[in-house]
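Taking the working numbering, the leading residue of the sequence shown gets 10, the next gets one more, and so forth.
Beta carbons are placed, not taken as given, at the ideal position from N, Cα and C, and that holds for glycine.
Since we're looking at a predicted model, the values are computed, not measured.
First comes the structure, then the notes that go with it.
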Amino acid sequence: MNAVVVAVIVMLLLSLLRVNVVFSLITGALIGGAIGGLGIDGTIEAFTEGVGGGANVALSYAMLGGFAVAISSTGLPNALVEFVLKYVGKQGDTRAKKLSRALIIFFILLMACFSQNLIPIHIAFIPLLIPPLLKILNELQVDRRLVATVLTFGLVTPYMLLPVGFGQIFHEIIASNITASGLKVEMHQIPTAMLFPASGMVVGLLIAVFFSYRKPRTYNKPIVPVTLEGNKGYSVKGIIWSVVAIIAALAAQIWTESMVFGALAGIVVLYASKSISWNEADRLLTDGMRMMAFIGFVMIAASGFAKVMSETGDVEQLVKQAASAIGGNQVLGALLMLIVGLLVTLGIGSSFSTIPIIATIYVPLALELGFSPMATIVLVGTAGALGDAGSPASDSTLGPTSGLNVDGQHNHIWDSCVPTFLHFNIPVILIGWLAAIML
């Protein structure tokens, strides 16, 4: 039995049973490593070696959490809440509430999309934007599963489709790996091909917005997020320095290509401007790091999980087994390639890392089965992107959870992973499969 399949299934089952995601990843890695022939000692050694790869991401999220709490202490979130509340309909004003709900959801969607291309900060905006909005979302009785779905759509679809920001990196990975595997493709072909799986994301979003989560949902706990703790008001000076700090953080992140130094730059501005007092700075930053600690530990465990799967050699074996099972059938071949891509990305948690793994086998196989160059791009790109939405170890689900669960009323698996998996991966597989067959 293939170690990767077993490890991913174990990890997903434990997560669905509400076992902690970190524990699920470690258990899945141990079982997968043992089945893959590494033995217990070899599995532990590979996992230990792999966790170092997640340290930078974990530190980045800890720093972002500290920066988010420092920003909130200046009063910017309170100002945002008061501003938005002015436009929220009064109790019983159904039309105004519906309009307010639509505007807030649209605003969140825009911010998520911009974070991948226009302002490439990835999930850094979530701990700043979402916690202060929870009070408003609760008043409007917005289902947080809808917000998680909207955020994940904005974090995934732009890089799939648009060749700018993170999308440029993703498209370059697709083009370079397909070319290196024997089929020369040009960058301008990628957006056209990826339009098909991206349309599947749009279908999933529309279903979530207009059908799945349109009914009101009540959250009972009072909203006292950690980012607002102890903050009684705001001043014009505090707001101005908050904006300066955010700009400094963005500029430093783009310049250094590091979220760690971006967050550090923002914190330094707040220190230097005395927007946060020296006496409270340590407590604020510690609270922020604690808020993002869950994401950090999941990413560390996911890095160890991915290393174990890589060491078994069963990722490549899984792709080869799928290839041998196809038997020249183009329809079956396209479906199996997409399903294997989904499994790999669900385990690794990164579509960017999945493309190099699958392209070396998928491209020769696609050529042998008679797929056109455009269909081959669809297969490789879709197989790589599948699973990013829905994976317990993906930034695209961990980011939304970090913002929506600050009051403990949003479960990572059942409220972020399962809704995004169902709404996005299913239509993306179907549309990607049909596109590959018809092109």
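Simplified DSSP state of residue i, which is helix, strand or coil
{"i": "Ile-435", "result": "helix"}
{"i": "Asn-65", "result": "helix"}
{"i": "Ile-285", "result": "coil"}
{"i": "Pro-401", "result": "coil"}
{"i": "Leu-448", "result": "coil"}
{"i": "Gly-322", "result": "coil"}
{"i": "Met-308", "result": "helix"}
{"i": "Gly-342", "result": "helix"}
{"i": "Gly-396", "result": "coil"}
{"i": "Glu-238", "result": "Its pLDDT being 43, under 50, Glu-238 is placed unreliably in this model, and the value from its coordinates should be taken loosely. DSSP places Glu-238 in coil when its eight states are reduced to three."}
{"i": "Asp-416", "result": "coil"}
{"i": "Ser-362", "result": "helix"}
{"i": "Glu-195", "result": "coil"}
{"i": "Arg-5", "result": "This structure does not reach residue 5, given that the chain is present from 10 up to 448, and the question cannot be answered."}
{"i": "Phe-76", "result": "helix"}
{"i": "Arg-27", "result": "coil"}
{"i": "Gln-5", "result": "Since the first residue of the chain shown is 10 and the last is 448, residue 5 is not available in this structure."}
{"i": "Leu-378", "result": "coil"}
{"i": "Thr-83", "result": "coil"}
{"i": "Met-10", "result": "coil"}
Residue i burial status per 10 Å Cβ neighbour count (16 or more: buried)
{"i": "His-197", "result": "exposed"}
{"i": "Val-235", "result": "Confidence is the limiting factor: at Val-235 the pLDDT is only 44, short of 50, which leaves the residue's position unreliable, though a coordinate-based value still follows. The residue in question, Val-235, is buried, as its Cβ has 16 or more Cβ neighbours within 10 Å."}
{"i": "Arg-153", "result": "buried"}
{"i": "Phe-162", "result": "buried"}
{"i": "Glu-195", "result": "exposed"}
{"i": "Ser-381", "result": "exposed"}
{"i": "Phe-32", "result": "exposed"}
{"i": "Pro-225", "result": "exposed"}
{"i": "Val-340", "result": "exposed"}
{"i": "Gly-10", "result": "The residue asked about is misnamed: residue 10 is Met in this sequence, not Gly. Met-10 is exposed by the Cβ-count criterion."}
{"i": "Ser-333", "result": "exposed"}
{"i": "Arg-27", "result": "exposed"}
{"i": "Arg-110", "result": "buried"}
{"i": "Met-447", "result": "exposed"}
{"i": "Trp-442", "result": "buried"}
{"i": "Phe-433", "result": "buried"}
{"i": "Ser-286", "result": "exposed"}
{"i": "Val-13", "result": "buried"}
{"i": "Asn-4", "result": "No answer is possible for residue 4: it lies beyond the span of the chain, which begins at 10 and ends at 448."}
{"i": "Leu-22", "result": "exposed"}
{"i": "Asp-291", "result": "exposed"}
{"i": "Val-427", "result": "buried"}
{"i": "Asn-414", "result": "buried"}
{"i": "Phe-115", "result": "exposed"}
{"i": "Val-324", "result": "buried"}
{"i": "Asp-424", "result": "buried"}
{"i": "Ile-263", "result": "exposed"}
Boundaries of the alpha helix (DSSP H) in which residue i is found, first to last residue
{"i": "Arg-226", "result": "It is not in any alpha helix (DSSP H) - Arg-226 carries neither H nor E in the DSSP assignment."}
{"i": "Lys-144", "result": "135-148"}
{"i": "Asp-424", "result": "Note, Asp-424: premise wrong, no alpha helix (DSSP H); not H, not E."}
{"i": "Arg-153", "result": "153-170"}
{"i": "Lys-246", "result": "245-265"}
{"i": "Asp-450", "result": "Outside the displayed span of the chain (10 to 448) sits residue 450, for which this structure offers no information."}
{"i": "Gly-42", "result": "30-44"}
{"i": "Val-218", "result": "It is not in any alpha helix (DSSP H) - Val-218 carries neither H nor E in the DSSP assignment."}
{"i": "Gly-176", "result": "175-189"}
Presumed contact (8 Å Cβ cut-off) between residue i and residue j, rounded CB distance
{"i": "Ser-284", "j": "Ser-251", "result": "7 Å"}
{"i": "Ile-35", "j": "Ala-310", "result": "6 Å"}
{"i": "Gly-247", "j": "Ala-258", "result": "Not quite, the Cβ-Cβ distance comes to about 16 Å (not below 8 Å), so this is no contact."}
{"i": "Ile-386", "j": "Ala-202", "result": "4 Å"}
{"i": "Pro-401", "j": "His-421", "result": "7 Å"}
{"i": "Leu-345", "j": "Ile-438", "result": "Between Ile-438 and Leu-345 the Cβ distance is about 11 Å, and since that is not below 8 Å, they are no contact."}
{"i": "Met-308", "j": "Ala-133", "result": "With 8 Å as the limit, Met-308 and Ala-133 do not qualify as a contact, their Cβ atoms being about 14 Å apart."}
{"i": "Met-20", "j": "Gly-356", "result": "7 Å"}
{"i": "Ala-38", "j": "Phe-314", "result": "4 Å"}
{"i": "Val-30", "j": "Ser-24", "result": "6 Å"}
{"i": "Gly-390", "j": "Ile-249", "result": "With 8 Å as the limit, Gly-390 and Ile-249 do not qualify as a contact, their Cβ atoms being about 43 Å apart."}
Short Cβ contact (7 Å threshold) for residue i with residue j
{"i": "Val-372", "j": "Leu-192", "result": "yes"}
{"i": "Leu-164", "j": "Ser-360", "result": "no"}
{"i": "Ile-370", "j": "Asn-186", "result": "no"}
{"i": "Ser-69", "j": "Leu-293", "result": "no"}
{"i": "Ala-398", "j": "Thr-354", "result": "no"}
{"i": "Gly-48", "j": "Ser-312", "result": "no"}
{"i": "Ile-366", "j": "Ala-79", "result": "no"}
{"i": "Ala-55", "j": "Lys-329", "result": "no"}
{"i": "Ala-157", "j": "Pro-409", "result": "yes"}
{"i": "Ala-302", "j": "Leu-388", "result": "no"}
{"i": "Gly-412", "j": "Ile-145", "result": "no"}
{"i": "Ile-304", "j": "Leu-407", "result": "yes"}
{"i": "Leu-170", "j": "Asn-126", "result": "no"}
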